[in-house]
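> Before I ask anything, let me first share the structure, which is written out below as structure tokens.
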Amino acid sequence: MLELRAITRAYELGGERAGVFGVSLEVPRGCLAVLAGPSGSGKTTLLQLAGLLDSPDEGEVRLDGQSVSSLPEPARCGLRLRRLGFVFQAFNLVPVLTALENAMLPLQLQGLAEGEARRRAGAALDRVGLSDRLHHRPGQLSGGQQQRAAIARALAPDPLLVLADEPTASLDHAHGGPLMDLMAELAAERGTTFLVASHDPAVIARAHRVFRLADGRLVEAP
Ligand SMILES: Nc1ncnc2c1ncn2[C@@H]1O[C@H](COP(=O)(O)OP(=O)(O)OP(=O)(O)O)[C@@H](O)[C@H]1O
Ligand SMILES: [Mg+2]
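In this note's numbering, the protein residues as written are 5 to 226.
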């Protein structure tokens with residue numbers, strides 16, 4: 005489903021060279037994969053490459069059998085909107101919008117009519133257990149509920165691949181297990197593929213595949 009082939013993305017800053025170097029990995033459809041590794045090991049850099057938010061210096065990103073890393077930006081943008089979902093560490097929910105309106109956003113950006121966007125966003129929020137919080141704004145939700153609202157927003161367009169960067173980092177450890185259980189259920193139900201960057205042991209323990217990075221290189225892969 006997702007394939008990274010010999011990816012290098014180097015940052016040169018103040019004479020120091022950092023980034024990711026020669027990383028190859030494969031995540032099959034419906035897999036819940038975790039990118040693990042210490043701070044600065046390259047997890048976010050790889051997620052941004054897999055999410056078509058950045059381009060590699062060398063190597064190739066393939067999605068569903070198609071080489072996507074060298075597509076022109078409008079095509080990459082279209083793929084991000086229709087095929088990819090993103091969950092960020094701070095959840096990045098829009099504070100003035102309700103949970104329902106947040107989950108409707110990507111659908112409306114895709115051009116769906118308001119009624120259809122509302123129906124699908126409502127179904128996604130229902131699926132993550134927030135049907136009684138549709139009209140709450142992020143500030144009126146607990147941390148765990150905000151996390152689930154962010155997952156519903158990522159999931160509402162029914163993406164092929166969801167990328168999550170440290171989705172439990174702003175919550176306490178009790179949230180890692182239930183979050184992974186929910187993502188594993190979604191992977192089994194819909195065939196959605198997940199790639200999660202995390203150093204939370206509860207998250208790593210529940211992964212179907214763990215890829216470990218150190219200093220921008222893959223040091224352990226299944
Ligand atoms: N835009 C940039 N310019 C220069 N260096 C960068 C840039 N982005 C990342 N780096 C460097 O690349 C390396 C990998 O960073 P990255 O953010 O991918 O790490 P990470 O594994 O996500 O870390 P953390 O667990 O702290 O989030 C680090 O050494 C970082 O300083
Ligand atoms: Mg990071």
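Here a beta-carbon is modelled for each residue, glycine too, at the ideal position from N, C-alpha and C.
Among I11, G18, D58 and L36, whose alpha-carbon lies nearest the alpha-carbon of I208?
L36
> Would you list the one or two residues that DSSP bridges to I11?
V27
> Using a Cβ-Cβ cut-off of 6 Å (strictly less than) and excluding sequence neighbours within five positions of P32, which residues of its own chain qualify?
M5
> Who are T246's beta bridge partners in DSSP?
Past the edges of the chain, shown from 5 to 226, lies residue 246, and the structure says nothing about it.
> Is the stretch 109–125 close to the stretch 45–62, with three or more CB pairs under 8 Å?
Fewer than three Cβ pairs drawn from the stretch 109–125 and the stretch 45–62 lie within less than 8 Å of each other, which leaves the two stretches out of contact.
> Could you give the C-beta distance for F90 and A158, rounded to a whole number, given that I count them as a contact under 8 Å?
6 Å
> How would you write the range of the alpha helix (DSSP H) that R123 sits in, first residue to last?
E118 to R131
> Can you find a heavy atom of ligand 2 that lies under 6 Å from the Cβ of T172?
no
> Would you list, in sequence order, the uninterrupted alpha helix (DSSP H) runs of no fewer than 4 residues that lie entirely inside the stretch 33–59?
47–54
> With which residues is G89 paired in a DSSP beta bridge?
Paired residues: V166.
> Can you find the residues in the same chain that come closer than 6 Å, C-beta to C-beta, to R9, ignoring five residues on each side of it along the sequence?
S28, G63 and E64
> Can you name the start and end residues of the beta strand (DSSP E) that V214 belongs to?
R213 to A218
> Could you compute how far the alpha carbon of V132 sits from the alpha carbon of E20?
So the alpha carbons of these two residues sit roughly 43 Å apart.
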